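With our numbering applied, the sequence shown corresponds to residues 14 to 697, in that order.
Have a look at the structure below before the remarks.
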Amino acid sequence: MQNDRVFRRSAAILVLSLLAAACRETPRRPLNVLFITIDTFRADRLGAATPALNRVAREGVRFDAADSPVPLTLPAHASLLSGLLPLHHGLRNNGIGVFPADRETLPALFARAGYRTGAFVGSFILDHRFGLDRGFERYDDEIVRNVTDSSGTFDAERRGGEVIDRALTWLRQNDTRPFFAWVHLYDAHAPYAPPAPYPQTYDGEVAYVDAQVARLLAAIDRSTTIVVIAGDHGESLGEHGELTHGLLLYEPTLHVPMIVAAPSLAPRTIRAAVSTVDLAPTVASLAGVPFTKLVDGRDLTADLRAGREPRPAPVYAETQYPATFGWSELASMRMASAKFISAPAPELYDLARDPGEAVNVLTTERRAFHDLAARLDQLRSTAVASAPSTVDAETKAKLASLGYVAPAPSSTGTKRDPKSVAPLFRRFEEATSLINGGRARDAVAPLEQLVRDDPSNHVFRETLARALRQSGDAPRAIALYRQAVALAPNDADAWYNLAVALEESGNAREGAVALAEAAKRDPNRPEIHNIRGTALAEAGDLAGAEKEFRATINADPRNARAYNNLGNVLRAMNRDAEAGEAYRKAIEIAPRYADPLNGVGALLVAGGQAREAMPYFDSALQIAPDFYEAQLNRAIALQVAGDAGAAAAELQRLLARLPASRDYDPQRNAARTLLGRLPPQFRR
Ligand SMILES: [Zn+2]
């Protein structure tokens, strides 16, 4: 009897526990997570024009009032992946800092829970050097570098199509573990240049991104996958006088689409104001691997499961980007529809009545103002120190190619209210887009006016110098860089720029002095070794040059320019096999870099393989049509291969198109000498 009763009781317990298991929402097999971030995505663009995204929004939980905590890509993504506000993870700007090792992130959580983790990002802004790669088994941030010594430009982004291709390959790998995949599409960022047939506009980019997301969604099983979609920040498109994002804290750049579509969640729309920092804790919890450390974001899972609106909570945002220009930084605090912006001239808006943020109600709504200002002060007092760090030259150049200015540690400036300088900023954005579009000369006059309008703004001054340098006016660029070092003698960048401009104009002696000043202030900058090596090589100290180029590679193992320079110096030392290795490494890192292609070609000609060298010169010239040395080498290769007629024709083509300037006399003389050595019937 005794046994019987015990048996029955445990049978009842068994039935209960089976019932509980049957009712539990978390399935036995963990859910996959597909975390899609769409750069520069305005909330109002989610709709009919984005059918794939809109479908996920209809089938999932759509947040209608989600704000980004910061309108800048790197800090915004650090927040999306960690649930922390920028003032608690310390990444406040693009291009600077490393995500702190002691803070938790989604990939780290999922990796520990046995997931395979992969990230596929579309921009250098999210390069692994900024620390968001932690926890990812695969962090695909490889963006082919297009380094050409003549232009100094860097490819710093890649198309969504390529990002999705890479992600799909990874997703299709045979692996029994559940996955956490982060896919970042950068396309909607300015300049707006989607592939054909999409219109060359912001909306064209958004439509292209939607088509790419559709490819990704078609490849996954939605019944076993949580799909998350979020914009990192919006785009102002001229509203409030701002063209892009980063300067101001109005809704066009903060309000973003945010969607969580999970197999266990019924579709619904959430109207309460939330932050994109809420995503990380919510997604982790939905997948059954919650954060163990406290984060700023709220876990909204209980509300989503119960089908109710989350309680109102304060929503914070900031931008420190204006401080880069010497202007005041901004922060904002929102509670339901009341939004306070802390600025030299503070603002308060009622977003319910005034979604366009046109009427400042600060003087009439004193209570809301004091409450939000107090909350903001309290939160700001908890900020962690961001790691002091300087931005290296390559990072700076890449940021510039994406339209961003790297933060300078020494910036002092006027602390002007960003909204009052919005017209200046807009003209600055237009000027930098001219430079990035290869029209540096056209940017000179607008930048000169900007320097007159904001004389202490060192960014305007340096950008004018860059435009002058790129349009060939070295003397004026040098004069401006001299002013910059006089204004900010501790600014390593200013010294560095002066050094490069002096070197480029042939003033190696003064260039070396300026470079020494830059090195004193920032000794670890890889590019400093590169320039020093070039100067040593030109002065004939090949062994010294080799050492400097190797130091560059040590500090930056993917520096294609350093490998090319190393190849050149090794070739000059007759160490052809090693030179070939260095050139090939440069080509591997940067397949569209013409110089090492020319280098390999030259080595092949010297080694008696003139025919084999031809494709290298052809590729170099296809990439850089004005690479006259490569054309000269091509002619030599033709001659060595025994085709004197073709060699003569090549040399004549070169002579006909060489610019008249005396700068090209060495090439002209070499071509004439080579032509003179050909049999007379070919000289014409
Ligand atoms: Zn962004």
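Virtual Cβ for every residue (Gly too), placed ideally from N, Cα, C.
As the structure is a prediction and not an experimental result, all values here were calculated from the model.
Bounds of any alpha helix (DSSP H) do not take in residue 271; it lies within the beta strand (DSSP E) bounded by 268–274. From the listed residues 97, 639 and 434, the smallest Cα separation to residue 81 is found for 97. DSSP assignment within the segment 77–144 yields the following whole alpha helix (DSSP H) runs of 4 residues or more, N-terminal first: 86–95, 99–102 and 119–125. Contact check for residue 283 against residue 335 fails: the beta carbons are separated by 8 Å or more. Secondary structure of residue 348 (DSSP, three-state): strand. By the neighbour-count criterion, in which a residue is buried when 16 or more other Cβ atoms sit within 10 angstroms of its Cβ, residue 57 is exposed. As computed with DSSP, residue 258 is found in no beta bridge at all. Residue state for residue 343 is assigned as strand, using DSSP reduced to three classes.
In this structure residue 352 is buried. Its beta-carbon is surrounded by 16 or more other beta-carbon atoms within 10 angstroms.
In the DSSP assignment, residue 197 falls within the unbroken beta strand (DSSP E) covering 192–198.
Under the three-state reduction of DSSP output, residue 151 falls in the strand class. DSSP, read as helix, strand or coil, puts residue 66 in helix.
The criterion of a C-beta distance shorter than 8 Å is not satisfied by residue 140 and residue 173.
Those residues whose C-beta sits under 5 Å from the nearest heavy atom of ligand 1 are, from N- to C-terminal order along the chain, 52, 86 and 245. When DSSP reads this structure, residue 363 sits in a beta bridge with 351. DSSP places residue 288 within a strand segment (E or B) once states are collapsed to three. Between residue 133 and residue 180, the CB-CB gap stays under 8 Å. Restricting attention to alpha helix (DSSP H) runs no shorter than 4 residues, the segment 640–685 encloses them at 641–653 and 657–670, ordered along the chain.
Taking each of 240, 397 and 265 in turn and checking the Cα distance to residue 252, the smallest one comes out for 265. With 16 or more other Cβ atoms from the protein chains shown falling within 10 Å of its own Cβ, residue 580 counts as buried. DSSP places residue 331 inside the beta strand (DSSP E), whose first and last residues are 328–332. The Cβ-Cβ distance between residue 659 and residue 651 falls below 8 Å. Within a 10 Å sphere around the beta-carbon of residue 187 sit fewer than 16 other beta-carbons, which makes this residue exposed. The alpha-carbon separation between residue 273 and residue 198 amounts to approximately 18 Å. With contacts defined by Cβ atoms closer than 8 Å, residue 345 and residue 354 form a contacting pair. Contact fails between the segment 254–269 and the segment 222–234, because fewer than three Cβ pairs, one in each stretch, are under 8 Å apart. Within the same chain, Cβ atoms closer than 6 Å to the Cβ of residue 328 are found at 80, 286, 288 and 347, the five residues on either side in sequence being excluded. Within the same chain, no Cβ atom closer than 7 Å to the Cβ of residue 631 is found once the five residues on either side in sequence are excluded. Looking at the DSSP output, residue 240 shares a beta bridge with 47 and 274. Here residue 239 is not near residue 169, since their CB atoms are 8 Å or more apart. Using a 10 angstroms sphere on the CB of residue 307, the tally of other CB atoms stays under 16, which defines it as exposed. Beyond the five residues adjoining it in sequence on each side, residue 653 comes within less than 7 Å, by CB distance, of 618 and 623 in the same chain, given in chain order. Residue 112 and residue 91 do touch by the CB rule: their CB atoms are close to 6 Å apart, below 8 Å. Counting other Cβ atoms within 10 Å of its Cβ, residue 136 reaches 16 or more and is therefore classed as buried. Residue 671 places its beta carbon less than 8 Å from that of residue 681.
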